[in-house]
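*Asks:* Provided herewith is a single structure, encoded as structure tokens, for subsequent inquiry.
In this note's numbering, the protein residues as written are 6 to 97.
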């Protein structure tokens, strides 16, 4: 099923470095090592079929946007991102 449109999410300017790192790990996932074995968690980009445009700009399908904002708000990061464009055109 093709998405009906995309929403662009941008990390706000003048965000503290530690918050930027949390947003980056939430969006892209992270790797931890426990007793020599590596475990990788999936980020929101992979889970919600998003696209990473650059380090602070992401595109998500319009219908998955409430879940993305919900995940960010659970972690207290929703105030540090901006929705900068809502595209409702059919991109083929």
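Heads up, the beta-carbon is just placed ideally off N, CA and C, and yes, glycines get one too. Here the structure is a predicted model, which is why all the values come from computation and not from measurement.
On the premise that residue 73 lies in contact with residue 15, defined as a C-beta separation below 8 Å, what is that separation, rounded to the nearest angstrom?
*Replies:* The residue labelled residue 15 in the question sits at position 10 within the chain shown. The residue labelled residue 73 in the question sits at position 68 within the chain shown. Residue 15 to residue 73, Cβ: 13 Å. No contact.
*Asks:* Looking only at its own chain, which residues have a Cβ that is under 6 Å from the Cβ of residue 24, when we skip the five neighbours before and after it?
*Replies:* As a working mapping, residue 24 is identified with position 19 in the chain shown. Cβ within range, chain order: 85.
*Asks:* Give the range of the beta strand (DSSP E) segment to which residue 31 is assigned.
*Replies:* Along the chain shown, read from residue 1 onward, the residue named residue 31 stands at position 26. Here residue 31 belongs to no beta strand (DSSP E); instead the alpha helix (DSSP H) covers 22 to 33.
*Asks:* In whole angstroms, give me the CA-to-CA distance for residue 57 and residue 39.
*Replies:* Taking the chain shown and counting its residues from 1, one reaches residue 57 at position 52. Taking the chain shown and counting its residues from 1, one reaches residue 39 at position 34. C-alpha separation (whole angstroms): 28 Å.
*Asks:* Using only the alpha-carbon positions, how far apart do residue 67 and residue 53 sit?
*Replies:* Looking up residue 67 in the chain shown gives position 62. Looking up residue 53 in the chain shown gives position 48. Their backbone Cα atoms lie some 10 Å apart in a straight line.
*Asks:* Among 21, 79, 51, 70, whose alpha-carbon lies nearest the alpha-carbon of residue 88?
*Replies:* In the chain shown, the residue the question calls residue 88 occupies position 83. Taking only the C-alpha atoms, the option nearest residue 88 is 70.
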